[in-house]
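Number of protein chains: 2
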Amino acid sequence: MHATLIHAPGDIRFEEVPDPRLSTGGDAIVRVVAACVCGSDLWPYRGVTPTDEPHRIGHEFVGVVEEVGPEVRRIKVGDFVIAPFYDCCMACVNCLNGFSTSCLNGGWWGEDDRMGAFADAGQGERVRVPHADGSLVATPSMPDDALVPHLLTLSDVMGTGHHAAVSGGVGPGKTVVVVGDGAVGLCAVLASARLGADRIIAMSRHADRQALARRFGATELVEERGKEGVARIRELTGGVGADVVLECVGTKESMDQALRSARPGGQVGFVGVPNGGPELPLRVMFGTNVGVRGGVAPVRNYIEELLPEVWDGRLQPGAVFDLELPMSEVADAYRAMDERRAIKVLLRP
Amino acid sequence: MHATLIHAPGDIRFEEVPDPRLSTGGDAIVRVVAACVCGSDLWPYRGVTPTDEPHRIGHEFVGVVEEVGPEVRRIKVGDFVIAPFYDCCMACVNCLNGFSTSCLNGGWWGEDDRMGAFADAGQGERVRVPHADGSLVATPSMPDDALVPHLLTLSDVMGTGHHAAVSGGVGPGKTVVVVGDGAVGLCAVLASARLGADRIIAMSRHADRQALARRFGATELVEERGKEGVARIRELTGGVGADVVLECVGTKESMDQALRSARPGGQVGFVGVPNGGPELPLRVMFGTNVGVRGGVAPVRNYIEELLPEVWDGRLQPGAVFDLELPMSEVADAYRAMDERRAIKVLLRP
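In order, the protein sequence lines correspond to chains G and W.
Residue 228 in the UniProt record's numbering sits at position 228 of the first sequence, and the numbers go up by one each step.
Residue 32 in the UniProt record's numbering sits at position 32 of the second sequence, and the numbers go up by one each step.
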């Protein structure tokens, strides 16, 4: 089969690789129907994180189950399934606590699973999925083609935006600021609207992303950044700041802006992968009582809650995909996202 | 009158100072019935924070109202009142949001208030209290002498321990670890028990403090610290860590221990004044989804909730006072706490 590898910064190739084979008993082989490129995939692409040797890449996909191991009970051949951006057992204490990203048995796509077998990455034609019964969620039936992009967001971006909102404590009556207008930030706007936020202030200076933010439920837009952005937020929030700020970027600057945009006693929900390891100023947090909570999103735990609304069309997060390419043109997909010509690119094998 | 001044590290004096006078209209003069020494008072005492010139010190006191300004409506001459460790209006947006420590009109004892008048510090015979109607809470009637220590804890330590527990999300079914066995840590144990925690693990290696922790509701004790302490907590919590960790010290080491003692998706509630400005490792928080929330405790907002239980004897936080001295011997009080001969010293004029 073919799958995507990164060889070096800027060097993405769709190459012949070995077909996956069932090996651990509880695994499944999924034929990928759609995959996509994540903002975090751009880090090795841009050389921000090193690429020591060529390796498989991609962690968001949906598809159809072709084979299952002898221990698989819940998932069946022929199921259309959503895979979270990691694999997990959904039976250990961390999974049951709602944090399947800290699964005691799980792992990451493109790496060896805990049983020593290779788990393919997501941007390929087929993927061996460890812990198939835990990791995969089957849809009620085979979806229409138009529904596929929306379902695909449950692999990562929609669940991650939802996690930001949940971590920040978004709810009715709250004023929410969203820092970051990438696909995750936009999904955080949508998640905040879904959770009943009163006001949603999206920070964005790109017309196309502003339009999507509005469509997803943003009630106000702020184009300023940094100090000016904080000043504008304060102006819009009675001088004190917002109840909740969702940090969906991951830089020192964006986290700083988030912390300073929250009112005393407010909360920052963060899902931006910390880039360059920024540290949080504890003294500032002590003085203002602004809490910080979030991290790598346990999207698997959210699929059951979000899927019914995506399935019946009430929730349409797939609008974040503004470009679709054949998977063989995956290098172009990375280029389009790197150059910010696309918010998020969907790939079909 | 007489009041306490710090002249330099280790140099505490009870000296003649000018009598306070009403000056802003909304203020009151309170005759102090009991005051005490705070762990944070030891910082300038130990030279951890600088003392550039002699100044008034102390911020925890209860007393009887002797005079009120013409604008004061709620508080009356003769009331027995509890003062929080800061003054606040209880009318601005931050006060109404529950964070009176960020009052837009308030200030700190021993400094000029926002109207340019000096607010006496707490370890003195009398105190001018700005925003008397906001800051002070009157008890239902004149308390028995035996009740005074318990009421005094509502000025700071009990409210601060409660804030740690609230910030950490303590509630029924939770396993809570308390880092720090000072008066605040012990009050955090008591607050956790009051809020219905299932298990409360107190980290302490001092027999007297262990005994008080047990009396306050600790179900387990851990004597180990640092790496060994974290290992012991993991052992006691099914290998993953506690739901909630309350950080009541304020050093880099204690915060690190707290973060590593929480389970994935757990929460650190912190009230230890950050000593030396430790920063939080955002990447660790990202990976584990452990949230951090807390800070300078808005104890004024908690007095109404806690006072009835203290008043009727159900809640007895005053047990943290294990030494009582006349206020004229305040220098000995500092020495006893500095040398850890006392958990917390109560002073009577």
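For every residue, glycine included, the Cβ atom is placed at its ideal position computed from N, Cα and C.
From a predicted model like this one, the values you see are computed outputs, not experimental measurements.
**Request:** Determine contact between the region 258-275 of chain W and the region 225-239 of chain W, defined as no fewer than three beta-carbon pairs at a distance below 8 Å.
**Result:** Short answer: they touch.
**Asked** Can you tell me whether DSSP reads F321(G) as helix, strand or coil?
**Response** Coil, per DSSP.
**Message:** Would you say P264(G) lies against chain W (beta-carbon separation less than 7 Å)?
**Reply:** By this cut-off, P264(G) is an interface position.
**Request:** Please state whether DSSP places L136(W) in a helix, a strand or coil.
**Result:** In the three-state reduction of the DSSP assignment, L136(W) falls in the coil class.
**Top-ranked residue by Cα proximity to P140(W), from W108(W), E339(W), V330(W) and W311(W)** = Ranking W108(W), E339(W), V330(W) and W311(W) by CA distance to the CA of P140(W) puts W311(W) first.
**Message:** If the cut-off is 7 Å on Cβ atoms, which residues from the region 279-290 of chain W count as contacting chain G, listed in chain order?
**Reply:** For the region 279-290 of chain W, the residues whose beta carbon sits under 7 Å from a beta carbon of chain G are, in order, E279, L280, P281, L282, R283, M285, F286, G287, T288 and N289.
**Message:** Cβ closer than 7 Å: which chain G residues qualify as neighbours of G98(W)?
**Reply:** G265, listed in chain order.
**Item:** Residue from V176(G), V330(G), G185(G) and A202(G) with nearest C-alpha to L195(G)
**Value:** The residue among V176(G), V330(G), G185(G) and A202(G) with its C-alpha nearest the C-alpha of L195(G) is V176(G).
**Asked** Using 7 Å as the limit for Cβ to Cβ distance, is P274(G) near chain W?
**Response** The beta-carbon of P274(G) is placed less than 7 Å from the nearest beta-carbon of chain W.
**Asked** Comparing the C-beta of R293(W) with each C-beta of chain G, is any distance below 7 Å?
**Response** So, interface residue.
**Asked** So does M142(G) have its beta carbon nearer than 6 Å to some heavy atom of the ligand ATP?
**Response** Among the components modelled here there is no ligand, and therefore nothing to report on the ligand ATP.
**Prompt:** Of the residues that make up the region 171-188 of chain G, which ones have a beta carbon closer than 8 Å to any beta carbon in chain W?
**Reply:** Against chain W - using a Cβ distance shorter than 8 Å - the region 171-188 of chain G contributes no residues.
**Inter-residue spacing [alpha-carbon to alpha-carbon] between G229(G) and P54(G)** = Approximately 40 Å between the Cα atoms of the pair.
**Prompt:** Would you call V127(W) buried or exposed, if buried means 16 or more other Cβ atoms sit within 10 Å of its Cβ?
**Reply:** By the neighbour-count rule (16 or more Cβ atoms within 10 Å), V127(W) is buried.
**Asked** At which residues does the alpha helix (DSSP H) containing G28(W) begin and terminate?
**Response** Checking the displayed sequence, the identity of residue 28(W) turns out to be Ala instead of Gly. It is not in any alpha helix (DSSP H) - A28(W) instead sits in the beta strand (DSSP E) that spans A28 to C36.
**Request:** Just the C-alpha distance for G241(G) and V296(W), rounded to the nearest angstrom, thanks.
**Result:** Straight through space, the alpha carbons of V296(W) and G241(G) are spaced by roughly 18 Å.
**Request:** Measure the C-alpha to C-alpha separation of I57(G) and W109(G) and round it to an integer number of angstroms.
**Result:** Inter-residue distance for I57(G) and W109(G) is about 8 Å (C-alpha atoms, whole angstroms).
**Message:** Between V93(W) and chain G, is the shortest Cβ-Cβ distance under 7 Å, so that the two count as touching?
**Reply:** Closer than 7 Å: yes.
**Asked** Within the 7 Å Cβ cut-off, does G106(W) reach chain G?
**Response** Among the residues facing chain G, G106(W) is not included, as its CB has no counterpart in that chain under 7 Å away.
**Prompt:** In whole angstroms, what separates the C-alpha of P20(G) from that of Q267(W)?
**Reply:** Going by the C-alpha atoms only, they are around 40 Å apart.
**Asked** Mapping DSSP to helix, strand and coil, what is M327(W)?
**Response** Collapsing the DSSP output to three states places M327(W) in a helix.
**Request:** Pull up the DSSP beta-bridge partners for E16(G), would you.
**Result:** Looking at the DSSP assignment, E16(G) forms a beta bridge with H2(G).
**Prompt:** Within 10 angstroms of its Cβ, does R300(W) collect 16 or more other Cβ (buried), or is it exposed?
**Reply:** Buried is the label assigned to R300(W), since at least 16 other Cβ atoms lie within 10 Å of its Cβ.
**Asked** Going straight from the alpha carbon of G287(G) to that of T51(G), what length do you get?
**Response** For G287(G) and T51(G), the distance between alpha carbons rounds to 41 Å.
**Request:** Please look up how many angstroms separate the CB atoms of N97(W) and L104(W), rounded, as I've assumed it's under 8 Å.
**Result:** About 11 Å separates the beta carbon of N97(W) from that of L104(W), a gap too long to meet the 8 Å contact definition.
**Request:** Give the residues from the region 119-147 of chain G that approach chain W closer than 9 Å (Cβ to any Cβ), ordered along the chain.
**Result:** Going along the region 119-147 of chain G in chain order, one finds no residue with a Cβ nearer than 9 Å to chain W.
**Message:** Going by DSSP in three states, A191(W) sits in which element: helix, strand or coil?
**Reply:** Assignment of A191(W) by DSSP, reduced to helix, strand and coil, places it in the helix class.
**Message:** Rounded to the nearest angstrom, what separates T160(W) and L190(W) at their Cα positions?
**Reply:** Approximately 11 Å between the Cα atoms of the pair.
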